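Chemist: The opening position of the sequence shown corresponds to residue 112 in my numbering, with each subsequent residue numbered one higher.
Glycine included, every Cβ here is placed at the ideal spot set by N, Cα and C.
A quick note: this is a predicted structure, and the numbers were derived from the prediction, not measured.
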Amino acid sequence: MNKKILYIIFGVALLCLIGFFVYSSQKNLNEDSSLITNSEDVKIDNNQGGRDSSVVNTEKQPPKPIDQNTKDKVFALVERYIKYAENKDIENIKALSYQVSPACKNYTQSEQNKKECDTKLNAAAVIGRELKKDKMVFLWQDKKQIILASDFFFEENDTMISKIRAMVYVVLDSSNNMKILSYNHAKGSVLPKLDFKREDLLKRLTTYTEDKDEDGMEDYLEDCLSSSQDGTCLKTDINNKDSDGDGFWDGIEALFYK
Ligand SMILES: [Ca+2]
Ligand SMILES: [Ca+2]
Ligand SMILES: [Ca+2]
112 MNKKILYIIF GVALLCLIGF FVYSSQKNLN EDSSLITNSE DVKIDNNQGG RDSSVVNTEK
172 QPPKPIDQNT KDKVFALVER YIKYAENKDI ENIKALSYQV SPACKNYTQS EQNKKECDTK
232 LNAAAVIGRE LKKDKMVFLW QDKKQIILAS DFFFEENDTM ISKIRAMVYV VLDSSNNMKI
292 LSYNHAKGSV LPKLDFKRED LLKRLTTYTE DKDEDGMEDY LEDCLSSSQD GTCLKTDINN
352 KDSDGDGFWD GIEALFYK
């Protein structure tokens, strides 16, 4: 009899124990699910930025940590470059640049050159001041070049929608010194909404901004599919950073003066 009671007590205790484990694992599962839901929600950043637009971070995964030391060096270089551009300090601009335009190269040769170069330097200073170091979260580099990029952001108002990112292109010279090749605070695509469906606009923005091989040049440009490209456009490989194998990435080479 006593044995029977003991078996019953043991059986009930066992059932309670199993019930506890089932409840615990279910609870953990729910907590994991809510974490996933929360992280999905975090993707939308309603920072109005003082403008009548919404800004949406499009990255599904947080970017991987990048080499902060290199990022600091690139940004310090950009800041010096901006200062020299503001001061029209041509000699120092030349020293920090991988290449300069013919007008800046021959700055003192004519009034026309001076005027043309000053216009470029003014634009470089204005655009440079729009670059925000803390927004630069991607860094692609090898021994010949570095590209620093921000995440993509959507901006939208009643008439237009855009997907843009900031990018800095740097080339390393034969002595391993970083030289500015180019930078842009708003590289990407801006589309008029007109009567297009929103999902079609979003698809087009993806098409115009996708850069699979991260060589600094969008797939559709590598494929010569832009209406602004003419019959002389040279196709490059959308899955290979350096299509011609000379060491410079396709997006870097596209910025070289021919
Ligand atoms: Ca590419
Ligand atoms: Ca490529
Ligand atoms: Ca190349």
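1. Return yes when at least one heavy atom of ligand 3 lies under 7 Å from the C-beta of Asp324, else no.
2. Under three-state DSSP, which class holds Asp331?
3. Distance check for Gly327 and Lys231, CA to CA, integer angstroms please.
4. Between the Cα of Asp322 and the Cα atoms of Trp251, Asn203, Phe367, Leu242, which residue gives the shortest distance?
5. Once the 5 residues before and after Val189 are set aside, which same chain residues still bring their CB inside 8 Å of it?
6. In the DSSP assignment, find the unbroken alpha helix (DSSP H) run with Pro213 in it and report its ends.
7. Comparing the CB of Ile349 with every heavy atom of ligand 2, is any distance shorter than 7 Å?
8. How is the alpha helix (DSSP H) around Ile363 delimited, first residue to last?
9. What is the C-beta distance between Ile177 and Phe263, in whole angstroms, given that I count them as a contact (C-beta under 8 Å)?
10. What are the partner residues of Gln256, as DSSP defines its beta bridges?
11. Assuming the contact rule is C-beta atoms closer than 8 Å, Lys346 and Glu333 should be a hit. Round their C-beta distance to whole Å, please.
12. Look up Ile180 in the DSSP assignment and say whether it is helix, strand or coil.
13. To the nearest angstrom, how far is it from the Cα of Lys226 to the Cα of Tyr331?
14. So Leu313 is in the alpha helix (DSSP H); what residue range does that whole segment cover?
15. With DSSP as the reference, label Lys290 as helix, strand or coil.
16. Pull up the CB-CB distance for Gly358 and Lys246, whole angstroms please, since I reckon it's below 8 Å.
17. Secondary structure at Gln340, three-state DSSP: helix, strand or coil?
18. Looking at the structure shown, is Glu267 part of a helix, part of a strand, or coil, going by DSSP?
19. Once the 5 residues before and after Val282 are set aside, which same chain residues still bring their CB inside 6 Å of it?
20. What are the boundary residues of the alpha helix (DSSP H) that includes Thr230?
21. Can you tell which of Lys298, Ala277, Val237 has the C-alpha that lies nearest to the C-alpha of Glu197?
22. Is Asp353 close to ligand 3? I mean its beta-carbon at under 7 Å from any heavy atom of the ligand.
23. Who pairs with Val301 in a beta bridge, going by DSSP?
Modeler: So, from the data block:
1. no
2. The amino acid at residue 331 is misidentified as Asp; the sequence shows Tyr. Tyr331: helix per DSSP, three-state reduction.
3. 22 Å
4. Trp251
5. Gly239, Leu242, Val279, Ile291, Tyr294
6. 213 to 216
7. yes
8. 361 to 364
9. Rounded, the Cβ-Cβ distance is 16 Å, inconsistent with contact.
10. Val282
11. 7 Å
12. It should be noted that the sequence gives Asn, not Ile, for residue 180. Residue state, collapsed to three classes: helix.
13. 35 Å
14. 309 to 320
15. strand
16. About 29 Å separates the two Cβ atoms, so there is no contact after all.
17. coil
18. strand
19. Tyr209, Gln256, Lys290, Leu292
20. 222 to 241
21. Val237
22. yes
23. Ser273
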